[in-house]
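Worksheet for the structure shown next.
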Amino acid sequence: MQNCQWVLLLLGDSALPTGGFVASSGLEAYASVFKPSKRDLVAFVEDNVLAYAAAALPYLSQAHSVIADCTEQQMTTIAELDDSFESLLASNVPARRASKAQGSALVSLIDRAFPDSDPVFLAIARRFRIRIREGTTQGHHPLLFSLLCATLRVPLPATQELFLFCHARALVSAAVRLNLWGPYEGQREMLSLQPVVARVLKRVRARMVEAVQTGVMVELVQGLHDRLYSRLFNS
Numbered sequence: 004m005q006n007c008q009w010v011l012l013l014l015g016d017s018a019l020p021t022g023g024f025v026a027s028s029g030l031e032a033y034a035s036v037f038k039p040s041k042r043d044l045v046a047f048v049e050d051n052v053l054a055y056a057a058a059a060l061p062y063l064s065q066a067h068s069v070i071a072d073c074t075e076q077q078m079t080t081i082a083e084l085d086d087s088f089e090s091l092l093a094s095n096v097p098a099r100r101a102s103k104a105q106g107s108a109l110v111s112l113i114d115r116a117f118p119d120s121d122p123v124f125l126a127i128a129r130r131f132r133i134r135i136r137e138g139t140t141q142g143h144h145p146l147l148f149s150l151l152c153a154t155l156r157v158p159l160p161a162t163q164e165l166f167l168f169c170h171a172r173a174l175v176s177a178a179v180r181l182n183l184w185g186p187y188e189g190q191r192e193m194l195s196l197q198p199v200v201a202r203v204l205k206r207v208r209a210r211m212v213e214a215v216q217t218g219v220m221v222e223l224v225q226g227l228h229d230r231l232y233s234r235l236f237n238s
């Protein structure tokens with residue numbers, strides 16, 4: 004059995020090819036359109052983390068519990084969750100595109116980087132990869148992130164926290180590459196996001212009934228991304 008702490012360090016490494024750094028989750032459009040102050044930028048990042056947690060964590064959590072005991076019926080359930088998440092992002096084309104790109108990268112990662120994992124989980128990943136290529140399933144990021152973590156035997160609470168850590172890290176990385184923060188300032192802000200993520204996790208776990216949209220401003224700004232004259236990120 005894999006050491007969970009070692010696996011978490013591996014999955015949290017920025018060198019892991021997950022496709023997360025191609026997305027800014029609306030940060031690029033927000034910075035371009037509103038020219039935010041440092042304070043407003045921090046507030047947007049925190050709101051972004053909460054909005055993504057409220058929308059995606061219920062899907063990730065349901066998928067993780069289903070994948071842990073996977074049968075043909077469970078595969079159908081995962082596909083239904085995937086379609087439901089597609090509907091949640093129906094009006095947000097950039098976010099939907101980025102989620103599919105990251106999901107596709109994750110399912111390839113499972114097969115290529117961890118071929119000695121549990122054959123049951125590998126078989127699930129390969130089936131998803133085929134279905135994504137055929138266009139019969141969407142392959143969204145939260146669902147396939149849960150599959151990656153379940154494959155490597157990461158428990159659900161750690162999976163949830165890692166999921167939000169990776170999202171926060173991608174936001175900070177985008178801010179640094181957009182020259183909104185310097186590299187040292189970015190690391191300082193990443194450290195300050197830890198209690199924010201902890202509060203968000205506690206809040207979302209307390210009412211993990213269904214996915215909701217809590218960040219109207221975040222979603223509206225994400226929708227502006229494709230209207231930018233020049234773009235560094237795909238969302």
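All the letters of the sequence shown, read from the start, carry residue numbers 4 to 238 under this note's numbering.
By construction, the Cβ of each residue, glycine as well, lies at the ideal position given by its N, Cα and C atoms.
With fewer than 16 other Cβ atoms from the protein chains shown falling within 10 Å of its own Cβ, E83 counts as exposed. Residue state for R230 is assigned as helix, using DSSP reduced to three classes.
Measuring C-alpha to C-alpha distances from E188 to each of K38, R42, Y62 and L13 identifies R42 as the nearest.
The three-state reading of DSSP puts H67 in helix, counting H, G and I together. Taking all protein chains in view, the Cβ of V48 is crowded by 16 or more other Cβ atoms within 10 Å, so the residue is classified as buried. Per DSSP, the unbroken alpha helix (DSSP H) holding D114 starts and ends at V96 to A116. In terms of Cβ geometry, L204 and L150 do not form a close pair [threshold 8 Å].
Taking the Cα positions, L11 is about 31 Å away from V96. G15: not part of any alpha helix (DSSP H); DSSP gives it neither H nor E. Proximity of the region 158-173 to the region 60-70 meets the contact definition, three or more beta-carbon pairs being nearer than 8 Å. H143 sits in coil when the DSSP states are folded into three classes, being neither helix nor strand. Classified as buried, R99 has 16 or more neighbouring CB atoms from the shown chains inside 10 Å of its CB.
Straight-line spacing of the CA atoms in S27 and Y232 works out to 16 Å.
In this structure, the CA atom of L174 is about 13 Å from the CA atom of Q225. Taking all protein chains shown into account, D86 has fewer than 16 neighbouring C-beta atoms within 10 Å of its C-beta and is therefore exposed. By alpha-carbon distance to C169, the top candidate from P145, R191, G185 and L183 is P145. For A177, the CB contacts under 6 Å within the same chain, skipping 5 residues up- and downstream, are S27 and L30 in chain order.
By the criterion of a C-beta distance shorter than 8 Å, V52 is surrounded in its chain by L167, H170, A171, L174, L196, V199, V200 and V203, once the five residues flanking it on both sides are discounted. With respect to the C-alpha of F236, the residue from A101, Q190 and R191 having the closest C-alpha is A101.
A direct Cα-to-Cα measurement between L91 and Q141 gives close to 12 Å. With a threshold of 16 other beta carbon atoms within 10 Å, W184 meets it and is buried. It is roughly 47 Å from the alpha-carbon of V36 to the alpha-carbon of D121.
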